Amino acid sequence: MRTQKVSIDTLWNSVSGHLPTFRFKQMTDLPDSAQWYLKHAIAAPLLQNSDPLATAVHLKMHGEIKLKGWQSFQAEQVICYQRGMLWQATVWMNGLPIFGWDRLIDGEGAMQWKLLGLLPVMTASGMDTTRSAVGRMQGEYVWLPSAFLHRDVKWSASAGDLDNSHVCADLTLLKETTHLNLKIGRAGQLQEAYFKRWGDPGGSDPHYESFGVVVEDEGTFSGYTIPSQIRAGWYFGDSRFESEGEFFRAAITQAIYR
Numbered sequence: 074m075r076t077q078k079v080s081i082d083t084l085w086n087s088v089s090g091h092l093p094t095f096r097f098k099q100m101t102d103l104p105d106s107a108q109w110y111l112k113h114a115i116a117a118p119l120l121q122n123s124d125p126l127a128t129a130v131h132l133k134m135h136g137e138i139k140l141k142g143w144q145s146f147q148a149e150q151v152i153c154y155q156r157g158m159l160w161q162a163t164v165w166m167n168g169l170p171i172f173g174w175d176r177l178i179d180g181e182g183a184m185q186w187k188l189l190g191l192l193p194v195m196t197a198s199g200m201d202t203t204r205s206a207v208g209r210m211q212g213e214y215v216w217l218p219s220a221f222l223h224r225d226v227k228w229s230a231s232a233g234d235l236d237n238s239h240v241c242a243d244l245t246l247l248k249e250t251t252h253l254n255l256k257i258g259r260a261g262q263l264q265e266a267y268f269k270r271w272g273d274p275g276g277s278d279p280h281y282e283s284f285g286v287v288v289e290d291e292g293t294f295s296g297y298t299i300p301s302q303i304r305a306g307w308y309f310g311d312s313r314f315e316s317e318g319e320f321f322r323a324a325i326t327q328a329i330y331r
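Here the sequence shown is numbered in the working numbering, starting from 74 and rising by one per residue.
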């Protein structure tokens, strides 16, 4: 597999260049809720001056993931705009560590998990894995809000949104477009993010299913205000989210931007 040797460090150290973005004066053409969100998520000095905005973020986190019950984990993640993402974690099950990663690098999605770092537990690759990973990465741009200033991102107000609390950002990568819906508070804080993601929840055949994130807290790191405590899963907006779909709970402890 071409992505086999890519690590957190090599992906992070490969970050270069800058985003072709629009700036503060051009934001007036966006829906109100998009403006509230961007001005809240990105500090004014970053929006108003000519310094390059971040193209990548390096995160540290911990939390719980649902694998035959809720299991604790610690993880690092790098998200690099358009290039890809790598989530590397240790999950403890019955007191034993499972080491592994999920990633999308240069157009290829894959995952690999091994008990004690030796015994294979789960591996996946191919078109379905890649398509699902694209959706995941674009949804996780909420941790790299400068990505939403890219000139290729298309913003639109949500239909029937009478209080300007919802907005949609269309993001395209590898011919896959994610319609990322954001629920925004009046102060600009992100409350929810949800979209249709390719996957096979419940062991079904792969298809587009509602996926979403509930933001429970936020934090500011180097001028970027991002979700610092979240819950995420399938069947978002449905009663099944709480009972079946939710499988990921995380707290961000560090975010470094480059």
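Glycine included, each C-beta is placed from N, C-alpha and C at the ideal position. Since we're looking at a predicted model, the values are computed, not measured.
Note on Leu192: under 16 other CB atoms within 10 angstroms of its CB, so exposed under the neighbour-count rule.
Counting C-beta pairs with one atom in each stretch, the region 155-163 and the region 109-116 have fewer than three that are closer than 8 angstroms, which means they do not touch. Looking at the DSSP output, Met200 bridges to nothing. One Cα belongs to Pro274, the other to His280, and the distance between them is close to 9 angstroms. Approximately 7 angstroms separates the beta-carbon atoms of Ala328 and Trp216; this is inside 8 angstroms, confirming the contact. If you compare the alpha carbons of Arg304, Ser316 and Thr196 with that of Ala183, the shortest gap goes to Thr196.
By the Cβ rule, the region 283-294 counts as touching the region 208-224, because three or more pairs are nearer than 8 angstroms. In this chain, the beta strand (DSSP E) harbouring Ala242 covers His239 to Leu246. Contact between Pro104 and Ala230 is confirmed by a C-beta separation of about 4 angstroms, below the 8 angstroms threshold. Boundaries of the alpha helix (DSSP H) around Pro118: Ala117 to Gln121. Minimum Cα-Cα distance from Gln302 among the listed residues Gln262, Arg204, Gln99 and Asp278 corresponds to Gln262.
Taking a contact to require three or more Cβ pairs closer than 8 angstroms, the region 293-300 and the region 309-318 do not qualify as touching.
In the structure shown, Phe221 adopts helical secondary structure according to DSSP, grouped into three states.
A check of alpha carbon separations from Arg322 across Gly90, Trp271, Gln99 and Gln147 identifies Gln147 as the nearest.
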